[in-house]
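Residue numbers (the numbering used here): 15 to 285. Idealized CB from N, CA, C, for every residue including glycine. Below is one structure; the comments refer to it alone.
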């Protein structure tokens, strides 16, 4: 899979999967930090943003309610400067209603949540992509019983919104084992690169069935002791429509084991 950087070949940005890594991505000038800034400068401005984060897990599918979204600092042990970052995005009523209508048309139930805002899985990458805060944003939750197929189905239900210029984003990581992180700048672990190679193979096939049993992948439980950071990949994949191959936009590794892989899913097939 060849890395690409030009996402401006359409009038609106394609669905994407973003690695958010450590919350320190917002401040630390690693390769992924610079990539996100450059990507944001090159993207056509979307009409709205829908982002699915693994840091909001719920019993049912939820969406942030219309209004200003609070910045949630859902972590500890980091420098004060990180806690001072605010990303006061606005969830417009039109965007909330559009997402709810699309989900309903796809046979899914979606409840508004007035207590949540943007957790770091959302605001960290968004603050680098869209620092001007000039685009409405909503966040979706990840139900506890999610599977690659169910998250893909959620993305498929929102494919019509992507065709209308709303940016659909899954945020997570293709490898996420915090027990084995190394000092920043360490060489990438072999098992992490091997797992990414397996992911690339499946995305090239553009078949959600390839991912039906992730536990069968090499080093799956080493790459993902729990699966929540892996699942948002399939949200972006589904939002592009059926059988749309991914484009690898960037890949680097943070702390030697966190894959900072970014994929675009250009909508070349009908949803």
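Review point. In this structure, what does DSSP give as the bridge partners for residue 261?
Key: 278
Check your understanding: If you drop the 5 nearest sequence neighbours on each side, which residues of the same chain put their C-beta closer than 7 angstroms to that of residue 35?
Key -> 46, 187, 268, 272 and 274
Practice item. Would you identify the three-state DSSP class for residue 19, choosing helix, strand or coil? Key: Legend: pLDDT at residue 19 = 45, less than 50; position of this residue unreliable, value from coordinates given subsequently. Three-state DSSP puts residue 19 in coil, outside helix and strand.
Check your understanding: What residue from 234, 121, 148 and 113 has the CA that sits closest to residue 164's CA?
Key -> 121
Check your understanding: Does the stretch 127 to 144 come within contact of the stretch 53 to 63, defined as at least 3 CB pairs closer than 8 angstroms?
Key -> yes
Review point. According to DSSP, is residue 48 helix, strand or coil?
Key: helix
Practice item. Check whether the stretch 174 to 183 touches the stretch 78 to 98, counting contact only when three or more Cβ pairs, one atom from each stretch, lie closer than 8 angstroms. Key: Three or more beta-carbon pairs separated by less than 8 angstroms are not found between the stretch 174 to 183 and the stretch 78 to 98, which leaves the two stretches without contact.
**Study point:** Integer-rounded CB distance, given that residue 258 should sit under 8 angstroms from residue 226
**Key:** Wrong, their Cβ atoms sit about 18 angstroms apart, outside the cutoff.
Check your understanding: In chain order, what residues of the same chain have a beta carbon less than 7 angstroms from the beta carbon of residue 60, not counting five sequence neighbours either side?
Key -> 26, 27, 149, 179, 180 and 181
Review point. Based on the DSSP output, what are the partners of residue 4 in its beta bridges?
Key: With the chain represented from 15 up to 285, any question about residue 4 goes unanswered, as that position is not in the structure.
Review point. When burial is assigned at 16 or more other CB atoms within 10 Å of the CB, is residue 264 buried or exposed?
Key: buried
Check your understanding: So, do the stretch 234 to 246 and the stretch 190 to 204 have three or more beta carbon pairs nearer to each other than 8 angstroms?
Key -> Output reads yes: the stretch 190 to 204 touches the stretch 234 to 246.
**Study point:** Three-state secondary structure (DSSP) of residue 222
**Key:** In the three-state reduction of the DSSP assignment, residue 222 falls in the helix class.
Exercise for review: Below 8 angstroms on the Cβ atoms is my guess for residue 208 versus residue 233; work out the distance and round it to an integer in Å.
Suggested key: 6 angstroms between Cβ atoms; contact.
**Study point:** Cβ-based neighbour list, residue 184, same chain, cut-off 6 angstroms, excluding 5 preceding and 5 following
**Key:** 31, 66, 246, 247, 249 and 250
Review point. Do residue 83 and residue 105 come within 7 angstroms of each other at the CB atom, strictly closer than that value?
Key: Note that the C-beta distance between residue 105 and residue 83 is below 7 angstroms.
**Study point:** Simplified DSSP assignment, three categories, for residue 269
**Key:** Three-state result, residue 269: coil.
Exercise for review: Sort 43, 166 and 215 by Cα distance to residue 198 and report the nearest one.
Suggested key: 43
Review point. Taking the C-alpha atoms as reference points, what is the distance between residue 12 and residue 68?
Key: In the structure displayed, the chain extends from 15 to 285; residue 12 sits before or after that span and is not available.
Point to revise | 4 or more residues per run - each alpha helix (DSSP H) lying fully within the stretch 36 to 120 | key: 45 to 56, 94 to 97 and 107 to 119
Practice item. Could you tell me which residues DSSP puts in a beta bridge with residue 186? Key: 33
Review point. For the candidate residues 72, 114 and 215, whose alpha-carbon lies nearest to that of residue 129?
Key: 72
Point to revise | Minimum length 4: unbroken alpha helix (DSSP H) runs contained in the stretch 113 to 185 | key: 134 to 143, 162 to 171 and 173 to 177
Review point. Is it true that the CB of residue 77 sits closer than 7 angstroms to the CB of residue 154?
Key: yes
Review point. Rounded to whole angstroms, how far is the Cβ of residue 172 from the Cβ of residue 79, which I believe are closer than 8 angstroms?
Key: Cβ-Cβ separation between residue 172 and residue 79: approximately 18 angstroms, too far for a contact (criterion under 8 angstroms).
Point to revise | Nearest-angstrom Cα separation, counted from residue 38 out to residue 204 | key: Distance between residue 204 and residue 38, taken at the CA atoms: about 24 angstroms.
**Study point:** Inter-residue spacing [alpha-carbon to alpha-carbon] between residue 279 and residue 91
**Key:** It is roughly 35 angstroms from the alpha-carbon of residue 279 to the alpha-carbon of residue 91.
Check your understanding: Taking the alpha carbon of residue 256 as the point to measure from, which residue in 217, 238, 237 and 231 has its own alpha carbon closest?
Key -> 217
Review point. Is any heavy atom of the ligand HEM found at a distance shorter than 6 angstroms from the C-beta of residue 47?
Key: Because no ligand of any kind appears in the structure shown, any question about the ligand HEM cannot be addressed here.
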